[in-house]
Amino acid sequence: MPPATVGRLTPHDVVLTPTDHPHTWLLTPNLNHPTLFDHTNDHIPGMVLLEAARQATYNATHNPNNPNNPNNGTTSTTTTFHRYTELHQPTHIHITRITPDNTTTTIEITGTQNNKTTFTTTTTLTHHHPPTNN
Numbered sequence: 002m003p004p005a006t007v008g009r010l011t012p013h014d015v016v017l018t019p020t021d022h023p024h025t026w027l028l029t030p031n032l033n034h035p036t037l038f039d040h041t042n043d044h045i046p047g048m049v050l051l052e053a054a055r056q057a058t059y060n061a062t063h064n065p066n067n068p069n070n071p072n073n074g075t076t077s078t079t080t081t082f083h084r085y086t087e088l089h090q091p092t093h094i095h096i097t098r099i100t101p102d103n104t105t106t107t108i109e110i111t112g113t114q115n116n117k118t119t120f121t122t123t124t125t126l127t128h129h130h131p132p133t134n135n
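Just so it is clear: in the sequence shown, position 128 is 129 by my numbering, and no numbers are missing.
Structure (structure tokens):
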């Protein structure tokens, strides 16, 4: 994915690959990334799963073609890790619900392996609309 579509500057930092299904990505982090994988693991570190949720949220809520697009700032995130996310098994990241209102948007994200939930994240964004010129 282009880094800008997930709020990153370099391809090295992108952890998601699009799938044929809307709001679903394959988790594909760079296993040689010095920050995300600072030591040998047999599972995906929680930090990588949190980054996948952040990138999915950014991708689903940021519309660079809309000049009135609100600047969405994360105001809360809650994550539950249900089981280990194994390193060498496909992991899918799904946005399962988007609930917008006038001032916030809540995004629910689920990570799955072998059709079993490995983690869930709920993120709330607060909208900061750009000033209008009168």
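All C-beta atoms, glycine included, are put in the ideal place defined by N, C-alpha and C. The model shown is predicted, which means the values in this text are computed figures rather than measured ones.
The DSSP-derived three-state label of Leu88 is coil. When beta bridges are read from the DSSP output, Phe82 appears opposite Phe120. DSSP links Ile96 through a beta bridge to Ile110. His128 is bridged by DSSP to Asn73.
Under the three-state reduction of DSSP, Pro19 is assigned to strand. Under a 10 Å Cβ-count criterion, Leu32 is classified as exposed, with fewer than 16 other Cβ atoms of the shown protein chains found around its own Cβ.
Listed in chain order, the non-local C-beta contacts of Thr127 below 6 angstroms within the same chain comprise Gly74, Thr76 and Thr105, local neighbours out to five positions each way being set aside.
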